[in-house]
Amino acid sequence: MLSRRSFLRATVVTLGAAFVPGCGDDTSNTTGHRTLVKGSGYFPQSVASGDPRPKSVVVWTRVVDGEKAGWDLDVELEVALDVAFTKPVSEPIKLQALAAYDNCVKARIVGEPGTTYYYRFVYERDGIHYVSRVGRTKTAPDEDADVPVRFAFVSCQDFVGRYYNTLLALEIEDLDFIVHLGDYIYETTGDPSFQTPDDARKVVFRDPASAIELGASGDVKFYAAKSLDNYRDLYRTYRGDPALQVLHEKFPMIPTWDDHEFSNDCWGANATYLSGRASELDVARRKAANQAWFEYQPVDYAGDPDFAYDPAADVPNDIRIYRDFTFGKHVHLVVTDLRSHRPDHLIPEDAFPGAVLFDEATLVASPGGLPGPTIATPYVDIETYAGGLYKGVLAQVATASGYDTAKVTGNVSVDYINLIVAQLNGGDPPPDPPIPAIDAAGLPRGLSYFDLNKVSFYAQIGTRYFVHKDAFDVFSTLRYAADPKTQDVMGEAQEAWFLETLTGSTKTWKLWANEFNIVPVQVDLRQIAGIPANVQRRFYMGVEGWDGFRDKRNELLGKLGGLGNVVALTGDLHTFMVGTPWAEQDPTKKIVEFMTGAVSSTPFRDELSSQVKSDPVLSQIPAAPLLALQIDDLVLDTETKVNPHLAHAESNTHGYAIAEVSAAEIVVTLHAVSGKEVTTNYAGRTAEFVTKMQKTRFKTVAGGSDLFKEIEGAWKRWDTTTLMWA
Numbered sequence: 150m151l152s153r154r155s156f157l158r159a160t161v162v163t164l165g166a167a168f169v170p171g172c173g174d175d176t177s178n179t180t181g182h183r184t185l186v187k188g189s190g191y192f193p194q195s196v197a198s199g200d201p202r203p204k205s206v207v208v209w210t211r212v213v214d215g216e217k218a219g220w221d222l223d224v225e226l227e228v229a230l231d232v233a234f235t236k237p238v239s240e241p242i243k244l245q246a247l248a249a250y251d252n253c254v255k256a257r258i259v260g261e262p263g264t265t266y267y268y269r270f271v272y273e274r275d276g277i278h279y280v281s282r283v284g285r286t287k288t289a290p291d292e293d294a295d296v297p298v299r300f301a302f303v304s305c306q307d308f309v310g311r312y313y314n315t316l317l318a319l320e321i322e323d324l325d326f327i328v329h330l331g332d333y334i335y336e337t338t339g340d341p342s343f344q345t346p347d348d349a350r351k352v353v354f355r356d357p358a359s360a361i362e363l364g365a366s367g368d369v370k371f372y373a374a375k376s377l378d379n380y381r382d383l384y385r386t387y388r389g390d391p392a393l394q395v396l397h398e399k400f401p402m403i404p405t406w407d408d409h410e411f412s413n414d415c416w417g418a419n420a421t422y423l424s425g426r427a428s429e430l431d432v433a434r435r436k437a438a439n440q441a442w443f444e445y446q447p448v449d450y451a452g453d454p455d456f457a458y459d460p461a462a463d464v465p466n467d468i469r470i471y472r473d474f475t476f477g478k479h480v481h482l483v484v485t486d487l488r489s490h491r492p493d494h495l496i497p498e499d500a501f502p503g504a505v506l507f508d509e510a511t512l513v514a515s516p517g518g519l520p521g522p523t524i525a526t527p528y529v530d531i532e533t534y535a536g537g538l539y540k541g542v543l544a545q546v547a548t549a550s551g552y553d554t555a556k557v558t559g560n561v562s563v564d565y566i567n568l569i570v571a572q573l574n575g576g577d578p579p580p581d582p583p584i585p586a587i588d589a590a591g592l593p594r595g596l597s598y599f600d601l602n603k604v605s606f607y608a609q610i611g612t613r614y615f616v617h618k619d620a621f622d623v624f625s626t627l628r629y630a631a632d633p634k635t636q637d638v639m640g641e642a643q644e645a646w647f648l649e650t651l652t653g654s655t656k657t658w659k660l661w662a663n664e665f666n667i668v669p670v671q672v673d674l675r676q677i678a679g680i681p682a683n684v685q686r687r688f689y690m691g692v693e694g695w696d697g698f699r700d701k702r703n704e705l706l707g708k709l710g711g712l713g714n715v716v717a718l719t720g721d722l723h724t725f726m727v728g729t730p731w732a733e734q735d736p737t738k739k740i741v742e743f744m745t746g747a748v749s750s751t752p753f754r755d756e757l758s759s760q761v762k763s764d765p766v767l768s769q770i771p772a773a774p775l776l777a778l779q780i781d782d783l784v785l786d787t788e789t790k791v792n793p794h795l796a797h798a799e800s801n802t803h804g805y806a807i808a809e810v811s812a813a814e815i816v817v818t819l820h821a822v823s824g825k826e827v828t829t830n831y832a833g834r835t836a837e838f839v840t841k842m843q844k845t846r847f848k849t850v851a852g853g854s855d856l857f858k859e860i861e862g863a864w865k866r867w868d869t870t871t872l873m874w875a
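Letter by letter, the sequence shown follows residues 150 to 875 in my numbering.
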């Protein structure tokens, strides 16, 4: 058993106070009576800092000595007010890089508000003192300081087959800090659905036997991380990137996680690779992911300098990463964790597609009454209807697909039955005699999984993605009324803290570092030619995020919208979006949301195209590929007004966003570049790359919730009625 003293924690170091601006890089000089030699090889992930507060910031490094593998290593931290370290603010601080935590080491340096500090680590070997590259960091301004704040927010930085060119551009900015909204790593080594490794940009697990084998691309197997060593391999690789290292060396970072730090579309300790074919609950894997994140991120956990990760603690209580920060009089930043405490997705991926969720009597008795015929559709009791003929037909199809026939029971959608009958009658060979279709006239109507667009036994489409909006709205609201925990995204403790923190804030702006989109993202395909009648519906593009928890979202927006000056900063979707999400029950209760595109991960439009090609239903619709390419036009459609909350969408670019906050306004500039530019290495050509980036500026003004866009040098207001900039 490890003693508590053996846990990795941030050693508290108290510094002197002053302010000297500047910057530095790799160095070799003399400190006191010892000569420092450049030693980047002993610090392969360089240095980093994070979680700046008015009087503290956390600094980090990892020490590696190939001849002392498995040893705890002694290291010293030096902090100064200048890059040359002629103005040290303390004696060198002795630290220990523990082997139990991959020889990562952290220190929480306590100094003065609004102060720039330079830091480096020194490792002594055989009498020679090897020094890391120099990091620059900055504490937050004093609580009462009337100062502007300038920071960037980023997300989604897949390493495999892609280059961090956008980070090269970000490095030349003048920033106070960076917010990372998640997907800092991707847990897979080369999933061909979205990753294409090359010799320079690939992830190799040292122990693939301890990973999850997901499949093969040609002769090359690809994996997902499972063990602690696997997750460490990911951080070692990602943090070995020169552009990412320089970014960490120059600016403190405030990170949260999304799903890929553990597993795609995860909830709690559950993965989703198998789409319901088997349970993917893996507590040990979740702990491994959490511990690696703890080891490699320079985070100050809930302001507790004595926090230490305990692998023996139960998830999700082994680590708390939701926290808040203040920057002077005008900025209060709240960072949430929307993965650890959330429930399962509302629609089970292994649900029997034809199963009726709510029968006619239940719908009639509900507050909304019986929905229209495009939402609630006819059903029959599969056990008794036509002497059980159709139960036998559906059971036969289920057996052929390896699906549990015990789920083929109860009330079943007639539309689903008739779809299966048509497929069988059109098969090779067809049944003889043909199976008769069911006449739906006079039958009761209910809401089934098929009405939500779930067609396959095991599916992502119709469960997590591309879900019939109108049917889902009825379904989710009835589920929420019966059990509010079905939409408890934050968990009870985090939600109470979140609302209390924002409600009690006295700062001008309340900023929410939020992992996935709050603004609804829908498409209206009811008037699109060339698609089947059952697809001529309104759809949520995904219910994996807040669109899947719309009742809880409305509840929160009703509370946040009354506070004023609440702005959400969002990532995840690999697209730039800007909008004003509001509570459905009261559209005056609204906030402003700015979503950044991905640093390098596959753009949203390309992901949609890939989903269309791989889905057995969508791939058979000739118009579907074109609809994927037109996604921006669909979500911004001014005729259908399907997304009146949404003012801007750009889904085929990469980039980042920069926010400039003052007492009067918050201005957000989206820096976007073509999706193809991340597959070319622009190292050493930053100026050339920057010329390829396009900037789009938006703002909102203190005291209101209107959104403005800079067009030809003038600020135009977004009109949610006309869906125009006026």
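Idealized CB from N, CA, C, for every residue including glycine.
In its own chain, which residues sit with a C-beta less than 8 angstroms from the C-beta of residue i, not counting the 5 before and 5 after it?
i: Gly720; result: Phe302, Val303, Ser304, Cys305, Leu330, Gly331, Asp332, Asp407, Glu664, Phe665, Met744, Thr745, Ala747
i: Ala320; result: Just to set this straight, residue 320 is Glu in the shown sequence, not Ala. Excluding residues within five positions, the ones whose Cβ falls inside 8 angstroms are Ala392, Val395, Leu396, Lys399, Thr835.
i: Leu651; result: His481, Val483, Lys659, Trp661, Leu709, Leu712, Val715
i: Phe838; result: Asn314, Leu317, Ala318, Val822, Glu826, Tyr831
Which residue comes first and which comes last in the beta strand (DSSP E) that contains residue i?
i: Glu273; result: 265 to 274
i: Val791; result: Per DSSP, Val791 belongs to no beta strand (DSSP E) and is neither H nor E.
i: Pro346; result: First-last for Pro346: undefined, no H or E at that position.
i: Arg211; result: 205 to 211
i: Lys255; result: 253 to 259
i: His803; result: 802 to 810
i: Tyr279; result: 277 to 280
i: Gly595; result: 594 to 597
i: Gly707; result: It is not in any beta strand (DSSP E) - Gly707 instead sits in the alpha helix (DSSP H) that spans 699 to 709.
How many Å lie between residue i and residue j at the Cα?
i: Ala229; j: Gly853; result: 43 angstroms
i: Val684; j: Ala248; result: 56 angstroms
i: Leu573; j: Ile584; result: 8 angstroms
i: Leu718; j: Trp661; result: 6 angstroms
i: Arg274; j: Pro241; result: 16 angstroms
i: Phe476; j: Glu362; result: 45 angstroms
i: Gly707; j: Asp499; result: 34 angstroms
i: Val238; j: Leu164; result: 5 angstroms
i: Ser205; j: Lys762; result: 50 angstroms
i: Ser189; j: His820; result: 32 angstroms
i: Asn439; j: Pro290; result: 30 angstroms
i: Lys848; j: Arg426; result: 46 angstroms
i: Asp414; j: Leu487; result: 11 angstroms
i: Tyr899; j: Lys844; result: Any answer about residue 899 is impossible in this case: the structure gives the chain only from 150 up to 875.
i: Gly260; j: Arg385; result: 30 angstroms
i: Ala875; j: Thr818; result: 19 angstroms
i: Tyr250; j: Asp467; result: 15 angstroms
Starting from residue i, trace the alpha helix (DSSP H) both ways and give me its first and last residue.
i: Tyr539; result: 538 to 549
i: Trp416; result: Segment: none, Trp416 is in no alpha helix (DSSP H) and carries neither H nor E.
i: Ile569; result: 563 to 574
i: Pro774; result: 773 to 778
i: Arg687; result: Note, Arg687: premise wrong, no alpha helix (DSSP H); beta strand (DSSP E) at 687 to 691.
i: Trp442; result: 432 to 445
i: Glu397; result: Looking at the sequence itself, residue 397 is His, so the reference to Glu does not match. Here the alpha helix (DSSP H) through His397 covers 391 to 399.
i: Asp382; result: 377 to 387
Short of 6 angstroms in beta carbon distance, which residues of its chain neighbour residue i, apart from the five on each side in sequence? Order them along the chain.
i: Ala772; result: Gly679, Ile680
i: Ala798; result: Met726, Asp781, Val784, Leu785
i: Thr176; result: At Thr176 the pLDDT is 44, less than 50, meaning the model places this residue with poor confidence and gives no usable figure here.
i: Arg754; result: Ile780, Ser800, Asn801
i: Val296; result: Pro290, Gly477
i: Glu809; result: Arg299, Val816
With a CB to CB cut of under 7 angstroms and the five nearest residues on each side skipped, what residues in its chain are close to residue i?
i: Thr635; result: Pro492, Leu495, Arg628, Tyr629
i: Lys540; result: Ile531, Glu532, Val557
What does DSSP give as the partner residue(s) for residue i in the beta ladder?
i: Gly237; result: One detail in the question is off: residue 237 reads as Pro in this sequence, not Gly. DSSP lists Ala229 as partners of Pro237.
i: Trp406; result: Paired residue(s): none; Trp406 is not in a bridge.
i: Thr163; result: Val259
i: Gly694; result: Partner(s): none; Gly694 has no beta bridge.
i: Asn144; result: The chain is shown from 150 up to 875; residue 144 falls before or after that span and cannot be answered.
i: His329; result: Val303, Pro404
Extract the residue ranges of the alpha helix (DSSP H) inside the stretch 830 to 875, only unbroken runs of 4 or more that lie entirely within it. Within the stretch 830 to 875, the complete alpha helix (DSSP H) runs of at least 4 residues are 835 to 839.
Segments of 3+ residues assigned as beta strand (DSSP E) that fall wholly inside the stretch 441 to 490: DSSP runs (the beta strand (DSSP E)) wholly in the stretch 441 to 490: 472 to 476, 480 to 484.
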